[in-house]
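Engineer: Chains as they are written, first to last, in this note's numbering: chain A, 1 to 201; chain B, 1001 to 1297.
(1) Name, please, each residue of chain A whose Cβ falls closer than 7 Å to the Cβ of residue 1163(B).
(2) Closer than 8 Å, CB to CB, is residue 1138(B) near chain A or not?
(3) For residue 162(A), name the three-state secondary structure that DSSP assigns.
(4) Along the segment 155–186 of chain A, where does the CB come closer than 7 Å to a CB of chain B? Name the residues.
(5) Reducing DSSP to helix, strand and coil, say where residue 57(A) ends up.
(6) Could you spell out where the alpha helix (DSSP H) holding residue 116(A) opens and where it closes?
(7) Distance, Cα to Cα, residue 1025(B) vs residue 1054(B)?
(8) Whole angstroms are fine: how far does the CA of residue 19(A) sit from the CA of residue 153(A)?
(9) Mind listing which residues of the segment 1227–1251 of chain B have their C-beta closer than 9 Å to chain A's C-betas, in chain order?
(10) Judging by CA-CA distance, which residue of 110(A), 151(A), 104(A) and 181(A) is the nearest neighbour of residue 129(A)?
(11) Since residue 64(A) meets chain B, which of its residues come closer than 9 Å, beta carbon to beta carbon?
(12) Is it buried or exposed for residue 191(A), if we count other Cβ within 10 angstroms and need 16 for buried?
(13) Excluding the 5 residues preceding and the 5 following residue 158(A) in the sequence, name in chain order all residues of the same chain whose CB lies nearer than 7 Å to its CB.
(14) Taking the straight line between their C-alpha atoms, what separation do you get for residue 32(A) and residue 81(A)?
(15) Could you work out which residue in 1238(B), 1185(B) and 1132(B) is closest to residue 1207(B) when comparing CA atoms only?
(16) So, at 7 Å on beta carbons, what are the nonlocal neighbours of residue 42(A) in its own chain, with the 5 sequence-adjacent residues on each side left out?
(17) For residue 141(A), which option in 103(A), 125(A), 149(A) and 188(A) has the closest C-alpha, if you only look at C-alpha atoms?
(18) Please list the terminal residues of the continuous alpha helix (DSSP H) segment that includes residue 174(A).
(19) Quick check on the burial criterion: 16 or more other C-beta atoms within 10 angstroms. Buried or exposed for residue 1125(B)?
(20) Across which residues does DSSP place residue 133(A) in a beta bridge pair?
(21) What does the Cβ neighbour count give for residue 1042(B), buried or exposed, with the cut at 16 atoms within 10 Å?
(22) Can you name the residues of chain A whose CB is closer than 8 Å to the CB of residue 1065(B)?
(23) Since residue 60(A) meets chain B, which of its residues come closer than 9 Å, beta carbon to beta carbon?
(24) Short of 7 Å in beta carbon distance, which residues of its chain neighbour residue 1131(B), apart from the five on each side in sequence? Order them along the chain.
(25) With a 10 Å radius around its C-beta and 16 neighbouring C-beta atoms as the bar for buried, classify residue 1290(B) as buried or exposed.
(26) Name the DSSP beta bridge partners of residue 40(A), please?
(27) Please go through the same chain and pick out, in chain order, the residues whose beta-carbon is closer than 6 Å to the beta-carbon of residue 1035(B), but skip the five residues on each side of it.
(28) Select from the segment 1117–1141 of chain B all residues with a C-beta closer than 9 Å to any C-beta belonging to chain A, and list them in chain order.
(29) Residues of chain A with CB closer than 7 Å to the CB of residue 1028(B), please, in chain order.
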């Protein structure tokens, strides 16, 4: 069974997205390097592309985003490997029908695709616990993976950097695809935030 | 910690004006409102005149958003002192209880208001908001529908209803709610565009054609609406690719899609100005459009 892990950059940008819009649902994609993996080697999601905030369950912009980011992936030798969603309500941690549909679509192209739900109640300044649940596709259903499995490549690094980013209010400058559609000059690859994270590593 | 006025080199009047802009345009940038508003209240209260009351209200609501119960309570007390017995202030007290998840007490406050004044829309809407916060979407939708039977002109409520339906994946009812909004706001390109998105999501040739028409309408109302442009491209492409349409319809939609594609490219080039990152974006868009192109058979 393949295990999905996240790099610090992927994990941090995902949570920054949720932190930027505390009153909205948010979603986005996770990308991994497109390479042959040995048996048992985990899928490493190296980056995250924040997509939308607010009303998520509409198809057209999601289709555009998937196609555009897929094209971008091909140029950078990446592949779309997962989908994340943070629900509007703090206590709601289960994926809805829309999340499952998008994740299934991604799985058509990448069989080990993961569906990640952000646990809003675990987001804090100290980042005590990883704030996500990973769902994997088995027998046509999305089942939650055992929480004891490490979801990050290096949790203590991710924890330290996430905390620093939250203190700095770096989420103010995070760009998602919605921001890009509002003004095309907004860059959804977030190069500045990538630099900050690298700096803090 | 440096003050807002020091950090950004602004005067208290500019801070007050910013707060007004955010109030009038209904922004929910609560962290900023708290930062600016708290300083304004603490340092410049005497200069604000009667503006201070509406600022207390604005800052209080933003404080609730940021879990700043200390600040929210301060603002609430000032308002309670000044406007004793006011329903508007009572609603704010209710909102504070909601923020503390003391929903039963909040409900009691709102019911008290409604007993006094059964037409108080604010209290009714807060009750629906509580249902939403508790995850009771079906009840929230039912109550909101009942509310709208009485208060048919409440735009905010129609939009809330549309979003509740979208979250429940009931696209047909969402479309109906948006139709109400478009009827009363024919010049609003955002409602048109969202309606088109809902129709597209519903699927089927008829809905696709409707969605294309409304994306086009949204573009007519605002030719810079990128979502409408992308939507037009997407819907026209799908119609052209469908085996169920006539040759003429196919040909027309290929034309629409080609026009939309050229406009999208143009928009990206205008935004690009040659920076490295946006060059990548432009290339990705060009390739995406090419990969999605439906060749006329």
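Here a beta-carbon is modelled for each residue, glycine too, at the ideal position from N, C-alpha and C.
Structural biologist: To lay it out plainly:
(1) Those are 55, listed as they occur along chain A.
(2) no
(3) helix
(4) Taking a C-beta cut-off of 7 Å against chain B, the contacting residues of the segment 155–186 of chain A are 181, 184 and 185, listed in chain order.
(5) coil
(6) Element bounds for residue 116(A): not the alpha helix (DSSP H) but the beta strand (DSSP E), 114–118.
(7) In this structure, the CA atom of residue 1025(B) is about 15 Å from the CA atom of residue 1054(B).
(8) 22 Å
(9) 1227, 1230, 1231, 1233, 1234 and 1235
(10) That would be 151(A), whose Cα lies nearest to the Cα of residue 129(A).
(11) 1227, 1230, 1231, 1233, 1234 and 1288
(12) By the neighbour-count definition (other C-beta atoms within 10 Å, threshold 16), residue 191(A) is an exposed residue.
(13) 8, 11, 12 and 152
(14) 6 Å
(15) 1238(B)
(16) 2, 3, 4 and 5
(17) Ranking the options by Cα distance to residue 141(A), first place goes to 103(A).
(18) Residue 174(A) -> no alpha helix (DSSP H), and no H or E assigned at all.
(19) buried
(20) 117(A)
(21) exposed
(22) 22 and 23
(23) 1196, 1197, 1200, 1201, 1211, 1215, 1227, 1230, 1231, 1234 and 1235
(24) 1139, 1140 and 1143
(25) Under a 10 Å Cβ-count criterion, residue 1290(B) is classified as exposed, with fewer than 16 other Cβ atoms of the shown protein chains found around its own Cβ.
(26) Answer is none; residue 40(A) lacks a bridge partner.
(27) Here residue 1035(B) has 1004 as same chain residues with Cβ atoms under 6 Å from its own Cβ, once five neighbours each way along the sequence are excluded.
(28) 1132, 1133, 1134 and 1135
(29) 23
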